[in-house]
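Scroll down for the structure; my scribbles are underneath it.
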Amino acid sequence: ETETILVDSNVNKEETYSQAVEMLQTGEVVAFPTETVYGLGADATNAEAVAKIFAAKGRPADNPLIVHVDSKESALNYVQNVGPKAIQCMETFWPGALTLILQTKPGVFAENVTASLSTVGIRVPNHPVALNLLKRVKLPIAAPSANTSGKPSPTLAEHVYHDMEGTIPLILDGGATMIGIESTVLDMTSEPPVILRPGKITKKDLEAVIGTVRLSSEIQGNIPKSPGMKYIHYAPEAPVYLIEKTDGLIEKAIAHVQNDGKKVAILSSEKHPSADYCFPLSAETLYASLRKCDQTDADLILAAISADANRSEAMMNRLEKAADHKWFS
Ligand code: TXA
Ligand code: MG
């Protein structure tokens, strides 16, 4: 049985947090909202608890988890060789959507958290429910996104329920997450630091604070250092194609697909009445829209991309993965 408790409007919040804290302290898995996406949390010092996360998600064991703590001070209990740039990042961006890869102190986390690496991804989430939980539980909490491995990350408690029903005991429902895309992952063990996964906090934001930062996608012949980046991600059931938002192209594509007797779903910031289904497209709505496609009988999904210089790079990164870099032609 999976229980979902609405923490936003819950009259007995004390009882709910105590229940969640007790579950985490006794090695259970609890899903909770962060400002990016929902996380599937467990005690990062307890290998059995962490193993339950991998089992619930169907996650490959070589893909390490992000550890969540309540403050910079807590983080410093678990990591070592923390340079001045990392400290500046913590002070500027925490609580917030920035995961820092740092060297772990030996033996502080269960080995399956870090997939036996000597480094760990760590962050302080900026969400009242997550922070409340972390402050009370007094443990580092390992929490990947709370989706089945390969599926879009959950931005609503009902997405978590859909993927985890019957597998985990408790979901704290804090409503829709604010950012909708996972945190920026910044590797502080390289010089200059390297962005392993783009997010809401951009290269420009980081460079304003710590100077030069590189994007892993720009490094030639780069072997993915973030183990998670090599796996298929964010993929709905039907194939996704990117399509340019140029005059008439989308209408032509819709007609073409429908002529083959197929149904098409469009992800776009604009309406397309001729499509069988149309869902909004922005960083905040991307994952929810991909999940809505799964509830239709669409045979193909077209994501409308503008050449806009202001478009979200993090959203483009996730969309390109969902589409496996395929453009409609
Ligand atoms: O916004 C987020 O980061 C969400 C919320 C719940 O906090 N969490 C999240 O976790 O997205 P997850 O496990 O789905 O993604 C973690 C990413 C993966 O790409 C993983 O490979 C990378 O971080 N990662 C974790 N530890 C690492 C390490 N030591 N070195 C390099 N990459 C690491
Ligand atoms: Mg994930």
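Counting from 2, one number per residue, gives the positions in the sequence shown under the UniProt record's numbering.
Even glycine gets a Cβ: it sits at the ideal position worked out from N, Cα and C.
The ligand MG heavy atom lying under 8 angstroms from the CB of residue i
i    : result
P145 : yes
S154 : yes
E183 : yes
Residue i CB to nearest heavy atom of the ligand TXA below 8 angstroms
i    : result
T149 : no
G200 : yes
Y79  : no
Y39  : yes
V186 : yes
R319 : no
I302 : no
H160 : no
I102 : yes
T203 : no
L197 : yes
V138 : no
Which residues DSSP lists as bridging residue i, in chain order
i    : result
I54  : In the DSSP output, where bridge partners are listed per residue, I54 has none listed.
Q137 : Position check: residue 137 holds Arg in this sequence, whereas Gln was assumed. In DSSP, R137 forms no bridge with anything.
L187 : L101, I196
V68  : I123, A143
F33  : G40
E4   : L171
A305 : I244
L157 : For L157, which the question treats as bridged, DSSP gives no partner whatsoever.
L216 : I196
Whole-angstrom C-beta distance between residue j and residue i, which should lie under 8 angstroms
i    : j    : result
K263 : D295 : K263 to D295, Cβ: 16 angstroms. No contact.
T35  : T178 : 7 angstroms
V30  : A57  : 6 angstroms
V125 : L103 : So it is not a contact: roughly 13 angstroms between Cβ atoms.
N127 : G167 : Actually they do not touch by this definition, with Cβ atoms about 31 angstroms apart.
Q20  : D44  : That pair is no contact at about 15 angstroms.
Assigned exposure category for residue i - 16 Cβ within 10 Å defines buried
i         : result
H326      : exposed
T213      : exposed
E285      : buried
residue 1 : Since the first residue shown for the chain is 2 and the last is 330, residue 1 is missing from the structure and cannot be characterised.
P145      : buried
A289      : buried
G122      : buried
L7        : exposed
G175      : buried
I251      : buried
G249      : exposed
G108      : exposed
A111      : buried
E208      : exposed
Can you list, in chain order, the stretches of the alpha helix (DSSP H) that have 4 or more residues and sit fully within the region 237-300?
-> For the region 237-300, the full-length alpha helix (DSSP H) segments reaching 4 residues or more read 250-260, 287-295 along the chain.
Residue ranges of each beta strand (DSSP E) within the region 74-141, 3 or longer | Segments of the beta strand (DSSP E) lying fully in the region 74-141: 99-105, 120-124.
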